[in-house]
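Presented below is the structure to which this report refers.
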Amino acid sequence: MLELSNINVYYGGVHALKNISLKIKEGEIVTLIGANGAGKSTTLKAISGMEKLRSGEIKFNGEDINSLNVPSIVKLGISHVPEGRRIFSKMSVMENLEMGAYIRDHKEDIKKDFENIFSLFPRLFERKSQMAGTLSGGEQQMLAIGRALMSRPKLILLDEPSMGLAPIIVKEIFSIIKDINKSGTTVLLVEQNANMALNVADRAYIIRNGEIEMEGNSKKILVDERLKKAYLEG
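With UniProt numbering, letter number 140 in the sequence shown gets 140, and the count goes up by one each step, no holes.
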(Lines of atoms letter the chains of each structure in order from A; the text may use other names.)
(Lines give C-alpha, C1' and ligand atoms only; values in the text may rest on other atoms or scores of the structure.)
Protein backbone atom coordinates (compact mmCIF):
# COMPACT_ATOMS: atom_id res chain seq x y z
CA MET A 1 0.00 0.00 0.00
CA LEU A 2 2.66 2.52 1.07
CA GLU A 3 6.33 2.32 0.20
CA LEU A 4 9.12 4.72 1.14
CA SER A 5 12.37 4.18 -0.76
CA ASN A 6 15.57 5.84 0.46
CA ILE A 7 13.94 9.15 1.35
CA ASN A 8 16.06 12.05 2.56
CA VAL A 9 14.72 15.19 4.23
CA TYR A 10 16.74 18.23 5.33
CA TYR A 11 15.91 21.14 7.63
CA GLY A 12 18.36 23.70 6.30
CA GLY A 13 21.73 22.06 6.83
CA VAL A 14 20.38 19.39 9.17
CA HIS A 15 19.96 15.94 7.60
CA ALA A 16 16.74 14.89 9.37
CA LEU A 17 15.90 11.66 7.50
CA LYS A 18 18.71 9.54 6.06
CA ASN A 19 17.74 7.04 3.36
CA ILE A 20 14.59 5.93 5.17
CA SER A 21 12.84 2.92 3.60
CA LEU A 22 9.71 1.24 4.91
CA LYS A 23 6.66 -0.63 3.64
CA ILE A 24 3.09 -0.84 4.90
CA LYS A 25 0.67 -3.47 3.64
CA GLU A 26 -3.07 -2.90 3.44
CA GLY A 27 -4.83 -3.79 6.70
CA GLU A 28 -1.77 -3.56 8.94
CA ILE A 29 -0.99 -1.52 12.00
CA VAL A 30 2.66 -0.52 11.69
CA THR A 31 4.43 1.49 14.36
CA LEU A 32 7.45 3.76 14.04
CA ILE A 33 9.07 4.27 17.41
CA GLY A 34 12.12 6.08 18.66
CA ALA A 35 13.39 8.74 21.01
CA ASN A 36 12.55 12.44 20.83
CA GLY A 37 14.03 14.03 17.72
CA ALA A 38 14.71 10.69 16.00
CA GLY A 39 12.72 11.66 12.88
CA LYS A 40 9.35 10.07 13.55
CA SER A 41 7.17 13.14 12.97
CA THR A 42 9.28 14.20 9.98
CA THR A 43 8.60 10.82 8.37
CA LEU A 44 4.84 11.31 8.71
CA LYS A 45 5.07 14.87 7.39
CA ALA A 46 7.00 13.62 4.36
CA ILE A 47 4.29 11.04 3.63
CA SER A 48 1.44 13.57 3.95
CA GLY A 49 3.21 16.20 1.82
CA MET A 50 4.01 18.63 4.63
CA GLU A 51 7.77 18.17 4.17
CA LYS A 52 9.43 17.91 0.77
CA LEU A 53 12.03 15.27 -0.01
CA ARG A 54 15.57 16.10 -1.04
CA SER A 55 15.72 12.67 -2.65
CA GLY A 56 14.00 9.29 -2.61
CA GLU A 57 10.51 8.15 -3.49
CA ILE A 58 7.15 7.66 -1.79
CA LYS A 59 4.49 5.50 -3.47
CA PHE A 60 0.90 4.99 -2.35
CA ASN A 61 -0.97 2.14 -4.03
CA GLY A 62 1.65 2.21 -6.77
CA GLU A 63 1.36 5.96 -7.44
CA ASP A 64 4.29 8.30 -6.94
CA ILE A 65 3.09 11.00 -4.51
CA ASN A 66 6.37 12.94 -4.10
CA SER A 67 5.20 15.97 -6.04
CA LEU A 68 1.61 16.10 -4.75
CA ASN A 69 0.36 18.76 -2.34
CA VAL A 70 -1.41 17.97 0.94
CA PRO A 71 -5.04 18.18 -0.36
CA SER A 72 -4.21 15.87 -3.27
CA ILE A 73 -2.67 13.32 -0.90
CA VAL A 74 -5.77 13.47 1.33
CA LYS A 75 -7.95 12.84 -1.73
CA LEU A 76 -5.90 9.72 -2.52
CA GLY A 77 -6.79 8.34 0.92
CA ILE A 78 -4.13 9.41 3.46
CA SER A 79 -5.16 11.31 6.61
CA HIS A 80 -2.70 12.72 9.13
CA VAL A 81 -3.45 13.28 12.84
CA PRO A 82 -0.56 15.57 13.83
CA GLU A 83 1.34 15.69 17.08
CA GLY A 84 -0.42 17.99 19.53
CA ARG A 85 -3.82 17.28 17.89
CA ARG A 86 -4.13 20.70 16.16
CA ILE A 87 -7.89 20.93 16.46
CA PHE A 88 -9.71 24.18 15.66
CA SER A 89 -10.18 25.33 19.24
CA LYS A 90 -12.63 28.16 18.50
CA MET A 91 -14.91 25.94 16.45
CA SER A 92 -17.42 23.42 17.79
CA VAL A 93 -16.88 19.67 17.79
CA MET A 94 -19.34 19.37 14.90
CA GLU A 95 -17.60 22.10 12.90
CA ASN A 96 -14.24 20.37 13.40
CA LEU A 97 -15.68 17.13 12.06
CA GLU A 98 -17.21 18.97 9.11
CA MET A 99 -13.74 20.35 8.29
CA GLY A 100 -12.52 16.77 8.05
CA ALA A 101 -15.00 16.13 5.25
CA TYR A 102 -14.01 19.18 3.20
CA ILE A 103 -12.93 17.10 0.19
CA ARG A 104 -16.30 15.31 0.02
CA ASP A 105 -19.65 16.44 -1.35
CA HIS A 106 -22.05 13.49 -0.91
CA LYS A 107 -24.22 14.69 1.98
CA GLU A 108 -25.86 11.35 2.77
CA ASP A 109 -22.51 9.57 3.06
CA ILE A 110 -21.16 12.37 5.23
CA LYS A 111 -24.20 12.09 7.49
CA LYS A 112 -23.54 8.34 7.89
CA ASP A 113 -19.94 9.05 8.80
CA PHE A 114 -21.00 11.51 11.50
CA GLU A 115 -23.04 8.66 12.97
CA ASN A 116 -20.06 6.30 12.74
CA ILE A 117 -17.77 8.80 14.47
CA PHE A 118 -20.26 9.38 17.27
CA SER A 119 -20.63 5.60 17.66
CA LEU A 120 -16.85 5.29 17.97
CA PHE A 121 -16.58 8.35 20.25
CA PRO A 122 -19.84 8.73 22.24
CA ARG A 123 -18.35 11.60 24.24
CA LEU A 124 -18.04 13.66 21.09
CA PHE A 125 -21.76 13.28 20.48
CA GLU A 126 -22.46 14.54 24.00
CA ARG A 127 -20.27 17.56 23.29
CA LYS A 128 -21.00 18.15 19.60
CA SER A 129 -22.01 21.80 20.13
CA GLN A 130 -19.18 22.52 22.58
CA MET A 131 -16.15 24.60 21.58
CA ALA A 132 -13.30 22.19 20.85
CA GLY A 133 -10.82 24.21 22.93
CA THR A 134 -12.84 23.47 26.09
CA LEU A 135 -12.56 19.68 25.71
CA SER A 136 -10.24 17.58 27.86
CA GLY A 137 -6.96 16.39 26.33
CA GLY A 138 -8.37 12.92 25.70
CA GLU A 139 -11.50 14.31 24.09
CA GLN A 140 -9.41 16.57 21.87
CA GLN A 141 -7.39 13.55 20.73
CA MET A 142 -10.63 11.70 19.94
CA LEU A 143 -11.81 14.72 17.97
CA ALA A 144 -8.55 14.91 16.02
CA ILE A 145 -8.86 11.22 15.09
CA GLY A 146 -12.56 11.61 14.27
CA ARG A 147 -11.84 14.62 12.05
CA ALA A 148 -9.21 12.61 10.14
CA LEU A 149 -11.62 9.70 9.69
CA MET A 150 -14.22 12.02 8.12
CA SER A 151 -12.18 12.00 4.89
CA ARG A 152 -12.64 8.19 4.74
CA PRO A 153 -8.92 7.44 4.61
CA LYS A 154 -7.43 4.18 3.45
CA LEU A 155 -4.37 4.96 5.58
CA ILE A 156 -4.34 7.05 8.77
CA LEU A 157 -1.10 8.51 10.16
CA LEU A 158 -1.21 8.95 13.94
CA ASP A 159 1.51 11.09 15.53
CA GLU A 160 1.94 10.54 19.30
CA PRO A 161 -1.74 9.92 20.12
CA SER A 162 -0.86 9.13 23.76
CA MET A 163 1.06 12.35 24.40
CA GLY A 164 0.03 14.14 27.59
CA LEU A 165 -2.85 11.79 28.38
CA ALA A 166 -3.63 9.91 31.58
CA PRO A 167 -2.90 6.14 31.44
CA ILE A 168 -6.59 5.18 31.50
CA ILE A 169 -7.27 7.47 28.50
CA VAL A 170 -4.23 6.11 26.68
CA LYS A 171 -5.68 2.58 26.98
CA GLU A 172 -8.97 3.84 25.56
CA ILE A 173 -7.26 5.58 22.63
CA PHE A 174 -5.26 2.46 21.76
CA SER A 175 -8.40 0.33 21.94
CA ILE A 176 -10.04 2.74 19.48
CA ILE A 177 -7.01 2.49 17.18
CA LYS A 178 -7.53 -1.28 17.04
CA ASP A 179 -11.23 -0.77 16.27
CA ILE A 180 -10.38 1.66 13.45
CA ASN A 181 -8.02 -0.91 11.97
CA LYS A 182 -10.60 -3.72 12.27
CA SER A 183 -13.06 -1.56 10.34
CA GLY A 184 -10.67 -1.56 7.36
CA THR A 185 -8.31 1.41 7.82
CA THR A 186 -4.57 0.79 7.67
CA VAL A 187 -2.63 2.54 10.45
CA LEU A 188 0.87 4.01 10.69
CA LEU A 189 1.43 4.86 14.34
CA VAL A 190 4.25 7.07 15.63
CA GLU A 191 4.85 6.70 19.35
CA GLN A 192 7.34 7.25 22.15
CA ASN A 193 5.31 4.82 24.29
CA ALA A 194 7.10 1.77 22.89
CA ASN A 195 5.30 -0.80 25.05
CA MET A 196 1.81 0.32 24.03
CA ALA A 197 2.72 0.75 20.38
CA LEU A 198 4.39 -2.65 20.04
CA ASN A 199 1.51 -4.42 21.76
CA VAL A 200 -1.04 -3.00 19.31
CA ALA A 201 1.02 -3.17 16.09
CA ASP A 202 1.65 -5.99 13.63
CA ARG A 203 5.10 -4.75 12.62
CA ALA A 204 7.51 -2.11 13.83
CA TYR A 205 10.33 0.09 12.65
CA ILE A 206 12.80 1.59 15.12
CA ILE A 207 14.23 4.95 14.08
CA ARG A 208 17.32 6.55 15.58
CA ASN A 209 19.03 9.77 14.48
CA GLY A 210 17.07 9.79 11.23
CA GLU A 211 17.89 6.21 10.28
CA ILE A 212 15.99 2.94 10.53
CA GLU A 213 17.87 0.86 13.09
CA MET A 214 15.62 -2.20 13.36
CA GLU A 215 12.46 -3.61 11.79
CA GLY A 216 10.31 -6.69 12.11
CA ASN A 217 7.42 -8.37 13.91
CA SER A 218 6.37 -6.09 16.75
CA LYS A 219 6.01 -8.88 19.32
CA LYS A 220 9.56 -10.12 18.60
CA ILE A 221 10.94 -6.59 18.80
CA LEU A 222 9.12 -6.10 22.12
CA VAL A 223 11.33 -8.75 23.73
CA ASP A 224 14.52 -7.81 21.89
CA GLU A 225 17.24 -6.92 24.41
CA ARG A 226 18.58 -4.11 22.20
CA LEU A 227 15.19 -2.38 22.23
CA LYS A 228 14.82 -2.86 25.97
CA LYS A 229 18.13 -1.12 26.59
CA ALA A 230 17.46 1.71 24.17
CA TYR A 231 13.78 2.47 24.81
CA LEU A 232 12.18 0.43 27.56
CA GLU A 233 14.64 0.88 30.42
CA GLY A 234 14.44 4.43 31.73
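The C-beta atom is built at its ideal place from N, Cα and C for all residues, glycine as well.
When DSSP states are grouped into helix, strand and coil, Lys90 belongs to the coil group. Non-local beta-carbon contacts of Ser89 in its own chain, meaning distances under 6 Å to residues more than five positions away in sequence, involve Ala132 and Gly133 in chain order.
Here Arg226 carries a helix assignment [DSSP, helix/strand/coil]. Across the structure, Gln141 and Ile58 are spaced so that their CA atoms are roughly 27 Å apart. Residue ranges of uninterrupted alpha helix (DSSP H) with 4 or more members, entirely inside the stretch 167-230 and ordered along the chain, are 167-182, 194-200 and 218-222.
The way I'd put it, the stretch 60-68 doesn't touch the stretch 112-124; fewer than three beta-carbon pairs between them come closer than 8 Å. Under the three-state reduction of DSSP, Ile24 is assigned to strand. For Phe121, no alpha helix (DSSP H) segment is defined, and its DSSP state is neither H nor E. Per DSSP, the beta bridge partners of Val9 are Leu17. Only residues of its own chain outside the window of five on either side were considered, and among them Ala16, Leu17, Lys18 and Gly39 have a CB closer than 6 Å to the CB of Gly210, listed in chain order. When rounded, the separation of the alpha-carbon atoms in Glu98 and Ser41 is 25 Å.
Per DSSP, Leu76 has no beta bridge partner at all. Residue environment for Ala166: exposed (fewer than 16 other C-beta atoms within 10 angstroms of its C-beta).
Secondary structure of Glu57 (DSSP, three-state): strand.
Put simply, of Gly77, Pro122 and Lys171 the residue whose alpha carbon is nearest the alpha carbon of Ala101 is Gly77. Rounded to the nearest whole angstrom, the C-alpha separation of Pro71 and Arg104 is 12 Å.
Distance check between Val93 and each of Met150, Tyr205, Gly37 and Gly84 places Met150 closest, using alpha-carbon atoms only. Under the DSSP definition of a beta bridge, Val30 partners with Leu188 and Arg203. For Thr43, the closest alpha carbon among the candidates Ser183, Pro122 and Leu189 is that of Leu189. In summary, Val81 is buried, with 16 or more beta-carbon neighbours lying within 10 Å of its beta-carbon over all protein chains present. Of the residues assessed, Asp159 falls on the buried side of the cut-off, its CB having 16 or more other CB atoms within 10 angstroms. The alpha carbon of Asn61 has as its nearest neighbour, out of Lys52, Lys25, Lys45 and Ile177, the alpha carbon of Lys25.
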